[in-house]
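The block underneath contains the structure these notes are about, expressed in structure tokens.
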Amino acid sequence: MFSKIWTKKYTESYSNNIKKLRKVLDEADAVVIGAGSGLSTSAGLTYGGERFEKYFSDFIEKYNIPDMYSGGFYPYETLEEYWAWWSRHIYYNRYIDVPKHVYEHLLNLVKNKDYFVITTNVDHCFQRSGFDKERMFYMQGDYGLWQCSEPCHQQTYDNEEQVKAMVKKQKDLKIPSDLVPYCPVCQKSMTMNLRCDNTFVQDEGWYKAKNRYENFINKHKNSKIVYLELGVGANTPVWIKYPFWKMTMNNPKATYVCINYGEATAPDEIKEQSICIDDDIGDVINKLQ
Ligand SMILES: [Zn+2]
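In our numbering, the protein residues as written are 9 to 297.
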């Protein structure tokens, strides 16, 4: 029963797909990258296993937290503990170097093209890896930004300096009380600028990025364009996956590409215009260099 999985990567259709993908990328006038968490996992930013145990052993021991994702939802009793968790989470996913060079290699593929990135990732890896920040739409927020928890005003704040101080000064799973961040306007607690509910702050930068993305999509709606979907899960398809399918359906010159470990599929309606590759994203990108 395992033979199918073992041989999948080496079948003829797999190498044909790589060839086809290289050709459509070479010939494309524009590329839209739609990226989900699978891309960062491939770049080594894993949320469980060894990496999680290395950085959070004390939290695992005290609270039995199963992985980094779950730890963000734990109801910590104090803000000092909450920020001990979050500062460490932000630091290791946003401010240290990305473990593998998957994003840089991806940039090599598109840097001479008219490209744009839309992503649900909040770890800022695109920008950290040299992508043009004018060509990106981070619609779900950024670990590097805070906002008022209310929110009493629509503004976000860089947190790098404070996060680094919190990581450095925390002890026994708590940060010193004087480092707990409060809103400069209403004095309520600050919180992460992440879309989890309707308190998510969309500041001026967010709207500008959204406009740039929509203009790009409009400009290229009839172009020879590649919608390159990388590691987008089935949980939040409304931002990237469904629009990519629809835009491909509406443009006979478009190609939809789905690279996803375990979930590489396309609907029948666009089958002839699709390339689906079930493999590690970093491995596929290396084969295209
Ligand atoms: Zn406020």
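C-beta: ideal position from N, C-alpha, C; glycine also.
| Query | Result |
| --- | --- |
| Please state the DSSP three-state secondary structure of I68. | helix |
| By DSSP's criteria, Q155 is part of a beta bridge. Which residues make up the other side? | T199 |
| Within the chosen definition, does the segment 281–289 reach the segment 259–270 through at least 3 CB pairs nearer than 8 Å? | yes |
| Secondary structure at A274, three-state DSSP: helix, strand or coil? | coil |
| Can you list, in chain order, the residues of its chain with a C-beta nearer than 7 Å to that of C284? Leave out the 5 residues immediately preceding and following it. | C266, A272, T273, A274 |
| Where are the alpha helix (DSSP H) runs, 4 residues long or more, that stay fully inside the segment 96–145, in chain order? | 110–118, 133–136 |
| Just to confirm, does C191 get its C-beta within under 8 Å of one of the non-hydrogen atoms of ligand 1? | yes |
| Select from M200, G46, T263, N230 the residue whose C-alpha is nearest the C-alpha of P6. | The structure shown does not extend to residue 6, since the chain is modelled only from 9 through 297, so no value can be given for it. |
| Would you report the Cα separation of K218 and H228, rounded to the nearest angstrom? | 16 Å |
| Between F67, E280, Y250, Q135, which lies nearest to L115 when the distance is taken from Cα to Cα? | Q135 |
| Taking L202 as the reference, which of G80, A36, E35 has the closest Cα? | G80 |
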